C-alpha cells in the first residue's frame, strides 16, 4: 500500500474534512439520516390520523383499542424497514470505500445519485405511491452503487481474506 | 478547512483514542451496542417463557406449533426495531459529527444524554411498561440530539452538495 | 493514551489501508454488506416464485391480490431482520474496536470467524433450513465476538463515561 501513502491527500487524512470526498459523503449521509428519522415522524402522523396504536399505553383517545395491520401505517413502516435494509449498509460501505482514496468525481457522484435515489424512493413509496417501476428504479440505484463500491473495495483488500 | 488543521488536536487525529471526544463516543456507543444485543436475549427469554417460536426447527418443546403475534414477544420486538430505527443512524451521525471537531463539553454531554435516554427507553418500553409520556420523552431525546448534530454537520459541509 | 502513540502503526494511521487490521475488517465488512443486499434479492425471488406482493402497485400478475404472512417469504424476512439486528451493530463495534490497536492476529481472526458464522447463519436459516442447534451456534458466534470487543473497548474507555 506504499503507493497510497505517496498520494495527496495522504492516507491518514482521508477521514477528515480536509478531504472533499469525505465532506461529500458526510453531507449526503447527514441528509439520509435526517430522512430516516423523519420516517418515524411520518409513522406517528399516520398513527394519529387513523388512530392506530400498537401499545396499551399509547391509547391517547377514548374508545380506541390496540390495532395492527392498518394499510396506511404499514406502508410507511415497510418503506422505513426498506431504508434500514439499504441505507444502513450503504453508510458503512461508502465509509470504507473512502479508504481506497477513489477518484473524487466518481465517488462524489456515486454518493449524490445514491442519496437522491433514496429520497425519490421514499416519495414514491410512502408519501405518494405511484405505479412501478418508479420504486424499483429508485431501489436499484443505491443497491447497484453499493455493489460497485463493494467490488472495488473487495478487489483492493482481497489478500487480507 | 485550513482553520481546522491549525487546531489541537489536528484533524487527522480526530478518530483516535487521543481525542477525548472520540473516547466518549466510543464508550457510549459500546454501551448501546451491548444494550441492542441484549434485546435479542430478551426476545429469546420471552419466546421460551411463553413457548412462542416462529420456525419449525425451533420447536424445542413437545406439543407446540409455530406461533406469531404473541403480545409479550411482539412488545420486545417493537422496542428492538425502534432501537434499530434510531440508534443505528445515531451511530453514523455522531461519528461524522466528530469530524467537525466540536466543543468537547457539548459533544460529550450530547453522547451521554442520548445514550442514557435510550437505556430509559428500553426500560419503559420492553422491561417494565409505564404510562406515557415516559417513552415519548426518552425517544425524543436521542432524536432531537441526532437532528442537532445533523444541522451542525449539514451547515458545515453544505458547499459539497 | 501516550503508550498508544508510541506504537507502530501510530494511532493516527489506524483507519487506513496501511493498517492490516483495518484491511481485514474492510474486506469482511464488504462481504457482509454484499450478503445483506442479496437478502433483498432473495426476498424478491420468493415473492415472484409464490406471487406474494405487499403493495397494490407491485401486482405484476393478473388475478393476484396483496398478500402477507406467506411462510416462504417471511422466513427470508426474519433472516434479513436478524442480520440487521446483529451485523449492523457489529460493523460499528468492530470499527471502534480497531481504535484500541488490538493484536493483529486476534483481531483478524475475530473478524473472520464472525463473518463466516453469519454466512452460515443465512444458509441454515434462509436458504436451506436445517435442524437446530446449527442456527443458534452461528448466531451466538458473532454475538459473543461482538460482546468480547465491547468488553475490551469499554474497559479501555471507561474513564470517559
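Chains as they are written, first to last, in this note's numbering: chain L, 1 to 161; chain G, 1 to 161; chain C, 1 to 161. Glycine included, every Cβ here is placed at the ideal spot set by N, Cα and C. Model, not experiment: these values are computed from the prediction.
- Note on geometry: alpha-carbon atoms of residue 135 of chain C and residue 87 of chain L lie some 26 Å from one another.
- Residue contact with chain C for residue 64 of chain G: absent (no Cβ-Cβ distance below 8 Å to any residue of chain C).
- The three-state secondary structure of residue 130 of chain G, taken from DSSP, is coil.
- Under a criterion of Cβ atoms nearer than 9 Å, no residue of chain L is adjacent to residue 142 of chain C; the nearest Cβ is some 15 Å distant.
- With respect to chain C, the C-beta atom of residue 37 of chain L has no partner C-beta closer than 8 Å.
- Per DSSP, reduced to three states, the secondary structure at residue 111 of chain C is helical.
- Judged by DSSP in its simplified three-state form, residue 160 of chain G adopts helix.
- Assignment of residue 60 of chain L by DSSP, reduced to helix, strand and coil, places it in the coil class.
- Within 8 Å of the CB of residue 57 of chain C, the CB atoms of chain L belong to 129, 130, 131, 132, 135, in sequence order along the chain.
- In this structure, residue 17 of chain C and residue 23 of chain C form a Cβ contact; the two beta carbons are roughly 6 Å apart against a cut-off of 8 Å.
- For residue 53 of chain L, the secondary structure class from DSSP, reduced to helix, strand or coil, is strand.
- According to DSSP, residue 66 of chain L shares a beta bridge with L/53.
- Interface annotation, residue 26 of chain C: not in contact with chain G, CB-CB separation never under 8 Å.
- At the C-beta level, residue 21 of chain L and residue 104 of chain L come within 8 Å of one another.
- Chain-ordered, the chain G residues with CB closer than 8 Å to the CB of residue 99 of chain C read 15, 16, 17, 22, 26.
- Contact between residue 40 of chain G and residue 85 of chain C holds: their C-beta atoms lie close to 6 Å from each other, under 8 Å.
- When 8 Å is used as the limit between beta carbons, residue 80 of chain L is near these residues of chain G: 85, in chain order.
- In summary, residue 91 of chain L is buried, with 16 or more beta-carbon neighbours lying within 10 Å of its beta-carbon over all protein chains present.
- With contacts defined as CB atoms closer than 8 Å, residue 107 of chain L and residue 142 of chain L fail to qualify as a contacting pair.
- Residue environment: residue 64 of chain G is assigned as exposed (fewer than 16 neighbouring CB atoms within 10 Å of its CB, all protein chains considered).
- Of the candidates G/100, G/46, G/96, G/55, G/46 places its Cα closest to the Cα of residue 75 of chain G.
- About 6 Å separates the beta carbons of residue 94 of chain L and residue 149 of chain L, which is inside the 8 Å limit, making them a contact pair.
- Within chain L, the residues placing a beta-carbon under 7 Å from that of residue 92 of chain G are 29, 33, 91, ordered along the chain.
- Annotation: the continuous alpha helix (DSSP H) that includes residue 88 of chain L extends over 71-98.
- Under the Cβ criterion of 8 Å, residue 54 of chain L is counted among the residues facing chain G.
- A residue is called buried when at least 16 other Cβ atoms come within 10 angstroms of its Cβ; residue 109 of chain G does not meet this threshold and is exposed.
- Our two residues, residue 71 of chain C and residue 71 of chain G, have alpha carbons roughly 20 Å apart in a direct line.
- Nearest to residue 61 of chain C by C-alpha distance, out of L/99, L/132, L/28, L/144, is L/132.
- Residue 153 of chain G belongs to the set of residues whose beta carbon lies under 8 Å from a beta carbon in chain L.
- Using beta-carbon distances, residue 115 of chain C does not count as an interface residue toward chain L, since no partner is under 8 Å.
- Distance between residue 13 of chain C and residue 97 of chain C, taken at the CA atoms: about 14 Å.
- The three-state reading of DSSP puts residue 20 of chain L in helix, counting H, G and I together.
- DSSP, read as helix, strand or coil, puts residue 15 of chain L in coil.
- With a threshold of 8 Å between beta carbons, residue 88 of chain C makes contact with chain L.
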